[in-house]
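Notes for the one structure printed next.
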Amino acid sequence: EVDTNRTNKWKGKKVLITAGPTREALDPVRYFTNYSSGKMGYALAQAAMENGAEVVLISGPTALNPPINVTTIDVTSADEMFEHVKRHHVNMDIIIKTAAVADYRPSSRNNHKIKKQEGPLTLEMERTMDILHYLGQHKKKQFLVGFAAETQDIKEYGRKKLEKKNLDAIVLNDVSRKEIGFDSDQNEVLFMTRHGEEQEIEQTSKRNIAKQIIQLIDFELRKD
Ligand code: CTP
Ligand code: CA
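Residue 176 is where the sequence shown starts when you use the UniProt record's numbering, and the numbers rise one by one after that.
Written out as structure tokens, the structure reads:
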């Protein structure tokens, strides 16, 4: 799977993709994170690259090998991801935010390992920056795509997120279904545009899902 299937379809286009979870430190030995594997984002980076685009992938900690011919930037926390996104987003034509960014982080990071005490531990958490919301607010020419993992009322929540974050499209995942999503190599999603079109992508490999998402984005770009 090298350069051989690369086309010129998106030649000259710049694509920014964020992927994976973020990790929010509590002390030098502990952190908060989530189950995101990064597979969907990495597959999208590869598919966009194979379409001829110049791809920057900003990735939280994953167990994956960086895709070839993609500029991969490794980050740890939501804050760090935001810093790198701010550095790159302005020149981009397409931004796809698959990353499962932590919504909260510990309000203070302990410099030393927290020692256990008798009784329960209460922690205070504070909100992280909503990176996608920031991108929607600062959008110029970019085609902005969000992801959302939901366990219920998927379309309703999806539509609300699309509007609130000023997205051009959102990809919806039903994470209540264990056989797909997160660590799985398979997925099944619903692609929803700002114009209200919905396109189901039936269960298949994340690689195939990624190719279809790139095609749907391409179709939307040709409309504008
Ligand atoms: N997102 C982000 N920065 C955050 C949280 C989310 O950029 N701090 C992005 C994700 O990358 C994803 C989209 O927002 O593309 C939707 O994430 P999701 O967690 O589903 O939505 P939230 O707005 O965080 O709402 P909630 O978790 O309460 O459902
Ligand atoms: Ca969230």
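C-beta atoms are modelled at their ideal positions from N, C-alpha and C, and glycine is treated no differently.
Just to check, is the beta-carbon of residue i closer than 6 Å to a non-hydrogen atom of ligand 1?
i, result
"Val276", "yes"
"Ile306", "yes"
"Ala323", "yes"
"Thr246", "no"
"Thr197", "no"
"Thr237", "no"
"Thr326", "no"
"Lys330", "no"
"Thr368", "no"
"Lys272", "yes"
"Thr251", "no"
"Thr208", "no"
"Thr303", "yes"
Assign residue i to one of two classes, buried (16 or more other C-beta atoms within 10 Å of its C-beta) or exposed (fewer than that).
i, result
"Gln292", "exposed"
"Thr238", "What sits at residue 238 in the sequence shown is Ala, not Thr. Exposed: under 16 other Cβ atoms inside 10 Å."
"Pro203", "exposed"
"Ile243", "exposed"
"Val265", "exposed"
"Ile271", "buried"
"Ile192", "buried"
"Leu296", "exposed"
"Asn348", "buried"
"Tyr210", "exposed"
"Ile345", "buried"
"Asn226", "buried"
"Glu395", "buried"
"Ser252", "buried"
"Lys186", "exposed"
"Arg382", "buried"
"Gly216", "buried"
"Asn180", "exposed"
"Glu229", "buried"
"Ile392", "buried"
"Ser234", "buried"
Quick check on the DSSP output: the alpha helix (DSSP H) that includes residue i runs from which residue to which?
i, result
"Asp254", "253-263"
"Lys386", "381-398"
"Ile329", "329-339"
"Glu225", "214-225"
What distance in whole Å lies between the Cβ atoms of residue j and residue i, which are believed to be in contact at a cut-off of 8 Å?
i, j, result
"Gly213", "Ala194", "5 Å"
"Gly371", "Leu342", "Actually they are not in contact, since the Cβ atoms of Gly371 and Leu342 sit about 13 Å apart, beyond 8 Å."
"Ile269", "Phe318", "5 Å"
"Val350", "Glu325", "7 Å"
"Thr197", "Ala274", "7 Å"
"Thr208", "Leu232", "Not quite, the Cβ-Cβ distance comes to about 19 Å (not below 8 Å), so this is no contact."
Looking at the unbroken beta strand (DSSP E) that takes in residue i, where does it start and where does it end?
i, result
"Gly321", "318-325"
"Gln361", "361-368"
"Tyr279", "279-281"
"Ile345", "344-349"
"Glu301", "300-302"
"Ile192", "189-194"
"Ala200", "199-202"
"Tyr309", "From DSSP, Tyr309 is part of no beta strand (DSSP E) but of the alpha helix (DSSP H) over 306-312."
"Lys272", "269-272"
- Message: With three or more beta-carbon pairs closer than 8 Å as the criterion, would you say the segment 374-393 touches the segment 217-232?
- Response: yes
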